[in-house]
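Protein sequences, first through last, are from chains A and B.
Just so you know, my numbering puts 1004 at position 115 of the first sequence, and the rest follows in order with no gaps.
Just so you know, my numbering puts 403 at position 388 of the second sequence, and the rest follows in order with no gaps.
Don't be surprised by glycine CBs; every beta carbon is placed ideally from N, CA and C.
Heads up: the structure comes next, in structure tokens.
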Amino acid sequence: MNLYIVTLILLIVIAPILTSFIKSLKMILLFKQPASLFQGYRNISKLLKKETIVSHESSQITRVAPFLVLSPLLITLLFLPPVMHESSYINFVDAFTITGLISLSTFFLMLIGLDSASGFGGMGSSREAFISALAEPAMVLTIFAISMIANNLGISEASKNLSHNFPQEHMASFIFAGISFFILLLAENGRIPVDNPETHLELTMVHEAMILDLTGFYLMLVEVASSIKFIIFASLFASLFMPFGIEFSAPLALLIFIIKLFLIATIVALIEVNVAKLRLFKVPDLLGIAIVFAFLSLITFYILGA
Amino acid sequence: MFLYDSLSLTFVFMILLGTIPNLFYSFGYLPHIKRKWHYLVHYFAFILSLLGVVTSANAMLFLFFWELMSLTSWQLILTEAKTKSTTDAAKFYFFMTHIGFISLLLFFLLSTNGNLWMSFEDMHDIVSNFAYPTILFLFLSIGFLSKAGAVPLHVWLPYAHPEAPSPVSALMSGVMLKVAIYGMFRFLFDVLYPWQLEWGIIILVIGSISSLVGVLYALSEHDIKALLANHSIENIGIILIGFGMGMIFDSLKLETLSSFAFIASIFHIFNHMSFKSLLFMGAGSVLHQTHTKNIEKYGGLIKSMPVTAITFLLASISISALPPTNGFLSEWMIFQSMLSSSNIEHTSLKMVIPFAVFALALTGGLAIACFVKAYGITFLGLHRDENAKHIEEVNFLMKTGMILMSLVVISLMLFTPFYIKIFDLAMVSLGKASIYALIFPNGIFQMHSVSSIGASVSPIYLLALLIGVTISLMLAYKMLNVKERVHHTWACGYQTSCKNQYSATGFAGPISRFFDWLYKSEKHIDKKIIGSHETKFTTAHYEVHTKPLFEKSLYENSTKLANKISYWVYRLAHFEQTKYSAMIFNLMLFVLFSYRISVNEFNWATFLLELSVMFISFKILILGVKK
């Protein structure tokens, strides 16, 4: 139980650092003066001090929705697979609940975009709706594949099964599912081939456009939510698709887990530096690749025999 | 005469849940209906016929109530028959529903040997001796699915539902479509029982296609009630996916999984009844206050109609299958039953099921997009038209109806075990083993999948956590005592106005562009250009119209075909006399050749030879030389 709480707190604490890490790594690679790893925390404390300005045109939704953007993601953190084998965990939750909670958060985010009567907000919501609608089938199929490979639909049990007795014969479908999930990690978190989190250019922005009219505390909530969403996907990837290191004793296992998270962040940063952002209407091609890989994973799994 | 087993009582319960809030709403709506008596008589007869259909114990009574249901709902659509579109929609509905009726009549005549007063058990004996049960299955499916609105018999829904008065749309979409599914349950189990594997696959495929088609056309729709009607097609598709999975599992002798899928399907029937009725009531209230169905003219209604807005939000979250609502729970069950397909031994069948999973998941994603659009454009932002500017909340009775219906939605979410118990009893009455203890093995807080590798979900924990975390975050915000200032939205230096906002067409723009190969929409751009410069224009008008693919390809083309045939028949009557003898000659050849094929063994070489002989004689003798 203690280990569970420690992991939970650690994940929340590390979430802003991880996104700042990607940012500073990108800056180093672009020969810029890197931002501090604690830039995320600085932003949060800055936003906490500011007053909130609420749009005159917006309704009660703007005052409630930011909380509902963050809280489903915080709840999702509770259900993540264990990172240490001694740690207790919630074993009954399956991946549909997790994707559902993430969609719930996105639903309210899209409502915020439409609430302020600004063109940018609607633009962001519309694009987000488009991307997340196409990401949903890829997500469900990938989960279907990995839970078949791990022989359990519960997400924590699946990760335990994978790390204890990894099914070598299904390596191919495992890798296909991994590729698909990594594309989803990029798409759902609005990383570069799909959305550029750093610009406010109206031609390209998706996530930033929806929250353009939020300020102060509300903006802080949504910013925290997006870093927590990243850490959810990163730790799902770390536990399901890098199934090792969990069997060591507590501090070492935790350390390995954190290294895995930073490794994922490094890969994301490298992709962001090397890849150009796709046009909005090219994004379905990328998601299509994810869907095809998920199908491939399932089909190879069935052909090689359950 | 009447039947009161648990299946019937379950559906009676569903009808009551659907109609009681509707009664309040209906009486609130009544002052705005001109032909009050006409409306009331048909309204109550409609409810009575719904109850009659699910309790009748023989074919005659069933058909009587079924027809009564069709006719009263047809008259209810015509309550406010002011425009041609209403009468056209009613005509279309009348036509489609009677195609279904004829098909049902054929089914009953075949399966009762003509004695329509026979009980369902006796029908089972006749059917088990019937040589071609698939024909019966097809008649049955056409009959019920044309009423339920499954693809390709769904085309009447987006016309008929918007034209009916809103309480009637809520009843038709929420309850009447489900009564058709009751028919599927009743007659597939009681009459046609040992199913073939193909039937389940047919239902699964129809369900998958319906769910995708429904949600895609809902996205491109600007009429709020037509949008909801298209969503009914989607949800019927989801119900049929569960039903089809149940049939497939049953044919493969996986009893528990099959019961689980059927329970998921009934659960979704209840859920769709609750949230779709609520959505139609909400849409009706909005329509009632703004006097327009065009979603592009709404906006900002949450400020003037808070009760409608909140209940509509609840229903939107639920229909988008977001946790922890009831819509999520039933969709979760359907997903779980599809994921249990690894127990199937049949490899090729196993590989088909991921495609159904894909269809259902894409449907879920698009449904979220669609309801963000419907909710955001209707209730959020600024009013887009004068209609939406000076309005107020609807009257007390209508509000009561909506609140009662949202209580039904909430109860389906909170008391899931209780409802599952009822559905389990219904399945027991159809001769399945009870699986309630397998779904809730550790008390009522956790719902389990019955598959060996299944997971579980617990709506109450989720809801409690969600409320707890949200409230503690809000308290933190209150404790911080942040200063709050209200200011206009920044509109890049222009005055903030409704013109800055995204429209519904704009919102669905990326999706409709991506699916343009399906929509093949007609775009009208109207620009007033200054000084012949294409890039500079004073005013512009942009409209997109999407005509449903099925209607265009299937229905209009069959009309064209019928026209061509009738023209040809007309030509036939005006042939020269020599050609008649040529035709008789050809007919004789045809009969002889077909006789040979049916009697002797089939042989491709002679078949081709005969075909070419037929073709040549047809070409030379009948068509002749072109002038």
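It is roughly 14 Å from the alpha-carbon of Asn457(B) to the alpha-carbon of Ile475(B). Closest option to Ile325(B), judged by alpha-carbon separation, among Lys414(B), Val584(B), Phe264(B), Pro180(B): Lys414(B).
Going by C-alpha positions, Leu990(A) is about 51 Å away from Met133(B). Bounds of the alpha helix (DSSP H) holding Thr271(B) are 270-305.
Under DSSP, Thr941(A) shares a beta bridge with Glu499(B). Partner residues in the beta bridge of His539(B), as assigned by DSSP, are Glu558(B). Phe159(B) and Ile942(A) have their C-alpha atoms some 55 Å from each other.
Contact between the segment 1010-1030 of chain A and the segment 1080-1099 of chain A is present: three or more C-beta pairs spanning the two stretches fall below 8 Å. What Tyr517(B) touches in chain A, judged by beta-carbon distance under 8 Å, is Leu1003, Gly1008, Gly1010, Gly1011, Met1012, Ser1014, Ser1015, going in chain order. Going by beta carbons, Ala1024(A) and Ser1186(A) fall outside the 8 Å limit. Tyr208(B) is the residue among Tyr208(B), Glu249(B), Ser357(B), Gly508(B) whose C-alpha sits nearest the C-alpha of Ser266(B). Rounded to whole angstroms, the gap between the alpha carbons of Gly129(B) and Met138(B) is 11 Å. Within the segment 1066-1134 of chain A, the complete alpha helix (DSSP H) runs of at least 4 residues fall at 1096-1099, 1105-1130.
Glu499(B) has a beta carbon lying within less than 8 Å of a beta carbon in chain A.
Between Thr340(B) and Met417(B), the CB-CB gap reaches or exceeds 8 Å. Fewer than three beta-carbon pairs drawn from the segment 249-256 of chain B and the segment 298-312 of chain B are found closer than 8 Å, and the two stretches are therefore not classed as touching. Taking a Cβ-Cβ cut-off of 9 Å, the neighbours of Gly396(B) in chain A comprise Glu946, Ser947, Ser948, Leu1003, Asp1004, Ser1005, Ala1006, Ser1007, Gly1010, Gly1011, given in sequence order. If you draw a straight line from the Cα of Ile906(A) to the Cα of His303(B), it comes to about 52 Å.
For Lys938(A), the closest alpha carbon among the candidates Asp1102(A), Leu892(A), Leu1108(A) is that of Leu1108(A). For Glu1161(A), same chain residues with a beta-carbon under 8 Å away, outside a window of 5 residues either side, are Ile911, Lys915, Arg1080, Ile1081 in chain order. For the 8 Å CB-CB criterion, Ile383(B) and Ser335(B) form a contact. A straight line joining the alpha-carbon of Tyr147(B) with that of Trp210(B) spans about 12 Å. Counting along the chain, no alpha helix (DSSP H) covers Val166(B), and no H or E run does either. If you check the CB distance, Ile987(A) and Ile1120(A) do not come in under 8 Å. If you look at Glu82(B), you'll find it in the alpha helix (DSSP H) that goes 74-92.
For the pair of segments examined, the segment 187-198 of chain B was found not to touch the segment 210-229 of chain B: the number of CB pairs separated by less than 8 Å stays below three.
The beta-carbon of Val982(A) is placed less than 8 Å from the nearest beta-carbon of chain B. In this structure, DSSP gives Ile383(B) a helical state, which the three-state scheme calls helix. According to DSSP, residue pairing for Ser471(B) in a beta bridge involves Val982(A), His463(B).
Sorting Val958(A), Leu966(A), Ile1180(A) by C-alpha distance to the C-alpha of Phe1070(A) places Ile1180(A) at the top.
By the Cβ rule, the segment 73-91 of chain B counts as touching the segment 48-61 of chain B, because three or more pairs are nearer than 8 Å. For the C-beta of Glu1097(A), not a single chain B residue is nearer than 7 Å; the gap to the nearest is close to 14 Å. At a cut-off of 8 Å between C-beta atoms, Met1037(A) counts as an interface residue with respect to chain B.
Burial check for Gly508(B): the Cβ neighbour count within 10 Å stays below 16, so the residue is exposed. Interface with chain B (8 Å Cβ-Cβ cutoff): Tyr1191(A) is included.
Val166(B) and Ser225(B) have their alpha carbons spaced roughly 5 Å apart.
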